[in-house]
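Take the sequence shown: its position 30, counted from the start at 1, is 30 in full-length UniProt numbering, and no numbers get skipped.
Don't be surprised by glycine CBs; every beta carbon is placed ideally from N, CA and C.
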Amino acid sequence: MKTDDLIDALAFGLEPVKPARASSLLLAAAVVASVVGVVVLLGVRPDLIQAMGGLTPWLKGLYTLALAAAALRLTTRLGRPGADVRPAAMLLFAVVAVATTAGAIELALTTPDQRMAVWLGRTWDVCGRNILLISAVTAPFVYLSARRLAPTRPSAGGAALGVMTGAVAATAYGLLHCPEATVAFVATWYTLGVAAVGAIGALIGRFALRW
Numbered sequence: 001m002k003t004d005d006l007i008d009a010l011a012f013g014l015e016p017v018k019p020a021r022a023s024s025l026l027l028a029a030a031v032v033a034s035v036v037g038v039v040v041l042l043g044v045r046p047d048l049i050q051a052m053g054g055l056t057p058w059l060k061g062l063y064t065l066a067l068a069a070a071a072l073r074l075t076t077r078l079g080r081p082g083a084d085v086r087p088a089a090m091l092l093f094a095v096v097a098v099a100t101t102a103g104a105i106e107l108a109l110t111t112p113d114q115r116m117a118v119w120l121g122r123t124w125d126v127c128g129r130n131i132l133l134i135s136a137v138t139a140p141f142v143y144l145s146a147r148r149l150a151p152t153r154p155s156a157g158g159a160a161l162g163v164m165t166g167a168v169a170a171t172a173y174g175l176l177h178c179p180e181a182t183v184a185f186v187a188t189w190y191t192l193g194v195a196a197v198g199a200i201g202a203l204i205g206r207f208a209l210r211w
């Protein structure tokens, strides 16, 4: 048999392999876990129905969901060896940059005597801790969702998964429990809480995502 014929025979019937993706089912489970975690561990704010009629909770959710989506994209790119991760990383930083810029503008337009109240709110000292708490019940599902991926940079992959975990947790926390309503608060304390989960994720990924 000629070499070309052998190659054709070996290649017959082969189809391109679909790029691996995170499990949608497990990501949905992560969302459910974060909601249950808020309800059980923190409780629902008493004015939830009234608050949901306003714009603020949804704007908070829009920011944290944008973080989660950008982190998911970065996770997926990191999980494909040889893929260019720069656009996904830039998207994630762009989401944070938009929020922090909006928060800075809000503070600049606030009278000096009210700036600290706008920035710190009433719960700045527990916001990050609460996001970490809800992330603890969300993380197993998020990390399991990435089993089919093959990150060659475990720490970076773990950090991206951590940011996604923190963002999902922050979404449930912001919608169901947190009463804060200023952009500056969310841009600072939510972002720091999510970043802390990302840092922990980097440590976990260093060992859990090695292959």
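Residues near residue i in its chain [Cβ-Cβ closer than 7 Å; skip 5 each side]
{"i": "L26", "result": "F141, L144, S145"}
{"i": "M164", "result": "A68, A71, L72, T75, V142"}
{"i": "residue 219", "result": "Past the edges of the chain, shown from 1 to 211, lies residue 219, and the structure says nothing about it."}
{"i": "A89", "result": "L74"}
{"i": "A156", "result": "L78"}
{"i": "L161", "result": "T75, V142, Y143, A146, G201, G205"}
Span separating the alpha-carbon of residue i from that of residue j
{"i": "T56", "j": "A22", "result": "30 Å"}
{"i": "A208", "j": "P154", "result": "8 Å"}
{"i": "A167", "j": "P112", "result": "31 Å"}
{"i": "Y173", "j": "I131", "result": "7 Å"}
{"i": "L192", "j": "I105", "result": "19 Å"}
{"i": "G121", "j": "L203", "result": "31 Å"}
{"i": "A108", "j": "L62", "result": "23 Å"}
{"i": "R115", "j": "A83", "result": "44 Å"}
{"i": "G13", "j": "L59", "result": "Caution is warranted here: a pLDDT of 47 is assigned to G13, below 50, making its placement in the model unreliable, and the coordinate value is therefore given only provisionally. Each residue's alpha carbon lies about 50 Å from the other."}
{"i": "G198", "j": "A28", "result": "20 Å"}
{"i": "L149", "j": "P81", "result": "9 Å"}
{"i": "G43", "j": "A169", "result": "14 Å"}
{"i": "P87", "j": "S135", "result": "26 Å"}
{"i": "G201", "j": "M52", "result": "31 Å"}
{"i": "L78", "j": "L176", "result": "32 Å"}
{"i": "T110", "j": "A30", "result": "37 Å"}
{"i": "E15", "j": "C178", "result": "Because E15 carries a pLDDT of 48, less than 50, the predicted location of this residue cannot be relied on, and no value is offered for it."}
{"i": "F93", "j": "V194", "result": "13 Å"}
{"i": "T100", "j": "V35", "result": "26 Å"}
{"i": "A117", "j": "A181", "result": "11 Å"}
{"i": "Q50", "j": "V32", "result": "22 Å"}
Residues near residue i in its chain [Cβ-Cβ closer than 6 Å; skip 5 each side]
{"i": "A66", "result": "V95"}
{"i": "residue 221", "result": "As displayed, the chain neither begins before 1 nor continues past 211, which places residue 221 out of reach and without an answer."}
{"i": "W124", "result": "W189"}
{"i": "V85", "result": "R77, L78"}
Close-in-space but distant-in-sequence residues of the same chain around residue i (CB under 8 Å, 5 per side omitted)
{"i": "A196", "result": "G128, I131, L132, G166"}
{"i": "A147", "result": "Ala is not the amino acid found at residue 147; the sequence shown has Arg there. Hits under 8 Å: S23."}
Cβ distance (whole Å) where residue i is taken to contact residue j below 8 Å
{"i": "G37", "j": "V137", "result": "4 Å"}
{"i": "residue 261", "j": "T64", "result": "Because the chain in this structure spans residues 1 to 211, residue 261 falls outside the shown range and cannot be described."}
Minimum length 4: unbroken alpha helix (DSSP H) runs contained in the segment 26 to 85: 48 to 52, 56 to 78
Scan the segment 86 to 142 and note each continuous beta strand (DSSP E) run of 3 residues or more that stays entirely inside, going in chain order. none
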